[in-house]
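Trainee:
If you want it as structure tokens, here you go:
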């Protein structure tokens, strides 16, 4: 069977798509090999294990969302209300484009059985909530009733 030319980024992209569609546990290295056009054994040239592949995908997804959310949240040169609208809009757009939150989906899989990258997922959500809190703290005094309105109706 002929192999098509591929690289590490193509493997990551195909595996991420499959993880989003089928979940981590239900995606096999054979599925990923088929999607990339590689022989199953050739995948191990790029990633020694499915776990290593998942870690690389989580790092990539985390970096994408960090750029979309965290970097904007901590740009204190801009008004907090603008940052809040930007990060909510960027988050919405990202999840619509990628068809959901891979971190959330994999986090749910973690709830059933501890997988080795649960700490990576937890760190992602801690960073994300820290970014949101940073913007809100810059906007409102504790107990300000406008805070609830901003959370529910940011636009």
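In our numbering, the protein residues as written are 37 to 191. We treat Cβ as the ideally placed atom computed from N, Cα and C, and that holds for glycine.
What is the residue span of the alpha helix (DSSP H) that residue 43 lies within?
Mentor: Segment: none, residue 43 is in no alpha helix (DSSP H) and carries neither H nor E.
Trainee: Going by Cα to Cα distance, which pick from 135, 122, 130, 153 is closest to residue 171?
Mentor: Ranking the options by Cα distance to residue 171, first place goes to 122.
Trainee: Using the beta-carbon count (16 or more within 10 Å), is residue 48 buried or exposed?
Mentor: With 16 or more Cβ atoms within 10 Å of its Cβ, residue 48 is classed as buried.
Trainee: Determine the DSSP secondary structure at residue 74, reduced to helix, strand or coil.
Mentor: DSSP places residue 74 in coil when its eight states are reduced to three.
Trainee: Confirm, please, whether the CB-CB distance from residue 101 to residue 130 is below 9 angstroms.
Mentor: Against a cut-off of 9 angstroms, the Cβ pair of residue 101 and residue 130 comes out as a contact.
Trainee: Taking the runs of the alpha helix (DSSP H) that are 4 residues or longer, which of them lie wholly in the stretch 75 to 112?
Mentor: Listed in chain order, they are 76 to 82, 86 to 101.
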